[in-house]
């Protein structure tokens, strides 16, 4: 699953880095354009990976199973990537911290989903436990920062950043 992590990091991580950089310098492509381009490349790479290495998955070793593997890893991983992005914004991570975390951290949600689809139950259990722990940590980071401020909850924050992304407006990154 190292290669899934690398693929997620190189596509979505570079996209996140470009978003962070364009926010700092001003201008640049719209966030939606960057994310859509990165996601298209990622899904193409995941499709190729699913075609080449599907034997280790519990999904059927045929075209339908390979396509489902790529779709699940891509879609659920993208949702996890979005949650991680909203968490770093909501927790008030500096732009430098976000840029440093963008490339190595962006592949983790995709790798965890791919690990959930592997045959050994131990790997599934590890991936599920790691996912739950990371979701709780992300939720707590934002909840602690927003406690007593009357601001939105973590799910609302996630939906707000998704709305900003889809509107194509600039994403406010804490400095």
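In our numbering, the protein residues as written are 13 to 187. All C-beta atoms, glycine included, are put in the ideal place defined by N, C-alpha and C.
N- and C-terminal bounds of the alpha helix (DSSP H) containing residue i
i, result
"residue 118", "107-118"
"residue 96", "75-102"
Residue i Cβ short of 6 Å to the ligand MN heavy atom set
i, result
"residue 43", "Ligands in the displayed structure: none, and consequently the ligand MN is not present."
Residue burial classification, residue i (beta-carbon count within 10 angstroms, cutoff 16)
i, result
"residue 50", "buried"
"residue 21", "buried"
"residue 60", "exposed"
"residue 69", "buried"
"residue 168", "exposed"
"residue 160", "exposed"
"residue 204", "Outside the modelled stretch of the chain, which goes from 13 to 187, sits residue 204, for which no answer is possible."
"residue 17", "buried"
"residue 63", "exposed"
"residue 149", "exposed"
"residue 67", "exposed"
"residue 32", "buried"
"residue 121", "buried"
"residue 97", "buried"
"residue 95", "buried"
Backbone secondary structure at residue i - three-state DSSP
i, result
"residue 21", "helix"
"residue 42", "coil"
"residue 187", "Low confidence applies here, because residue 187 scores a pLDDT of 39, under 50, leaving its location unreliable; read the following figure in that light. Coil at residue 187, not helix or strand."
"residue 165", "coil"
"residue 130", "strand"
Closest Cα partner of residue i within the set the options
i, options, result
"residue 176", "47, 15, 29", "47"
"residue 15", "112, 124, 132", "124"
"residue 53", "31, 65, 26, 64", "26"
"residue 179", "109, 42, 156", "42"
"residue 56", "74, 31, 73, 86", "86"
"residue 126", "89, 115, 108", "89"
"residue 23", "115, 103, 128", "115"
"residue 30", "113, 73, 58, 65", "113"
Inter-residue CB distance, residue i and residue j (contact presumed, cutoff 8 Å)
i, j, result
"residue 71", "residue 77", "4 Å"
"residue 110", "residue 99", "Going by Cβ atoms, the distance from residue 110 to residue 99 rounds to 11 Å, so no, they are not a contact pair."
"residue 118", "residue 81", "That pair is no contact at about 20 Å."
"residue 91", "residue 154", "Rounded, the Cβ-Cβ distance is 16 Å, inconsistent with contact."
Chain B within 7 Å of residue i, Cβ atoms only
i, result
"residue 97", "Going by chain labels, chain B is absent from the structure shown, which holds only one protein chain."
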